[in-house]
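J.:
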Amino acid sequence: MRTDLKGKWILITGASSGFGAAAARAFGAEGSRLLLGARRQERLEQVAVEALKAGAAEAHVHRLDVSQTTSVEAFMAWATTRIGPASSAGAGLDVLLNNAGGAQGLDTVAQGKDADWEAMIQSNVLGVLRMTRAALPLIRKDCGSSIINIGSVAGHVAYEGGAAYCAAKAGELQITRALRLELNGTGIRVSTIDPGLAETEFSLVRFKGDATRAKQVYAGTHPLTAEDIAEILVWVASRPSHVNIDELLVKPVDQAAVHKVYRRS
Ligand SMILES: NC(=O)c1ccc[n+]([C@@H]2O[C@H](COP(=O)([O-])OP(=O)(O)OC[C@H]3O[C@@H](n4cnc5c(N)ncnc54)[C@H](OP(=O)(O)O)[C@@H]3O)[C@@H](O)[C@H]2O)c1
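Under the working numbering, think of the first position of the sequence shown as -9, with each following residue one higher.
1. Does residue -4 pass the burial test, meaning 16 or more other C-beta atoms within 10 Å, or should it be called exposed?
2. Looking only at its chain, what residues have a beta carbon closer than 6 Å to the beta carbon of residue 165, apart from the 5 residues adjacent to it on each side?
3. Round the Cβ separation of residue 221 and residue 46 to the nearest angstrom and send it over; I've been treating them as touching at under 8 Å.
4. Are the beta-carbon atoms belonging to residue 27 and residue 52 less than 7 Å from one another?
5. Starting from residue 96, trace the beta strand (DSSP E) both ways and give me its first and last residue.
6. Under 8 Å Cβ to Cβ from residue 97, same chain only, skipping five residues before and after it: list those, please.
7. Would the beta-carbon of residue 214 fall within 7 Å of that of residue 188?
8. If you run the structure through DSSP and keep just helix, strand and coil, what is residue 195?
9. Could you tell me which uninterrupted alpha helix (DSSP H) segments, each at least 4 residues in length, are contained entirely in the region 132 to 170, listed from first to last along the chain?
10. From the DSSP output, which residues share a beta bridge with residue 185?
11. Is it true that the CB of residue 57 sits closer than 7 Å to the CB of residue 113?
12. Given a cut-off of 7 Å on the beta-carbon distance, is the pair residue 33 and residue 6 in contact?
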């Protein structure tokens, strides 16, 4: 039987744009209760309004920087006051969506900047570890709860200029695999969803606000949208409670491989 998401608590990191914001609206449309985190609080508040309009039972926002342990702990303390500990009747977190992250720069290793490398490892790798460690006591056992991490095709295939980002997403993939082994027997499902080319703010952030360069990434192709990924995330979380979608690689039809993208002139 499909896992009903109505009234369920869904925690989404990186909910201020892209996949995270679309996921907030999509889980909202299921009637879920949302806890949304990211650094840009005004954007989060706007997303919460959209999620409530879509049908969310509740939507709450709090500033979160997954690259800082103190911020993660403050966020989870706030989340606990909203949800209540997993031990109390009917309480607990149903879905942890570790989505916050992204790429910084497209430099070769020879040209790479420490600050970019460190930011990518902080958000995509350590952020997932920190959030998961802090959220685990809150996650319900044996009732179809899920930890869903956002990986990337970059975690499977390397490309020039992507050394640190590819390493970070390969790290995310191995964290997901280790966690699934560690949580075996708890009933908590552990998944990674690994998208290819998707048009969000990802490239704008990677190219430090250079909108022209960011646009070129998608020129002539039909990329994935944030909504495509959000629909998949809802599908993963709503599988029957005994079904775990381990790893899901999803690319646009135009992207046959990382280096083979069809572009219309
Ligand atoms: N778009 C793609 O082509 C693609 C493909 C594969 C995987 N991904 C992955 O998908 C995830 C979402 O990216 P997106 O495409 O939706 O890009 P996006 O539109 O740039 O969204 C990234 C989100 O992550 C948040 N974030 C970044 N660093 C953070 C931090 N230190 N603490 C808290 N939140 C942080 C951002 O919020 P604030 O800036 O407000 O904190 C934003 O909400 C990322 O993990 C990315 O690596 C993207």
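Using N, Cα and C, we set each Cβ at its ideal position, and we do this for glycine too.
T.: So, from the listed chains and residues:
1. exposed
2. 118
3. That belief does not hold up - the Cβ atoms of residue 221 and residue 46 are roughly 16 Å apart, past 8 Å.
4. The answer is yes: Cβ separation under 7 Å.
5. Per DSSP, residue 96 belongs to no beta strand (DSSP E) and is neither H nor E.
6. Here the set comprises 103, 106 and 151.
7. yes
8. The answer is helix: DSSP assigns residue 195 an H, G or I state.
9. none
10. 240
11. Cβ atoms of residue 113 and residue 57: closer than 7 Å.
12. yes
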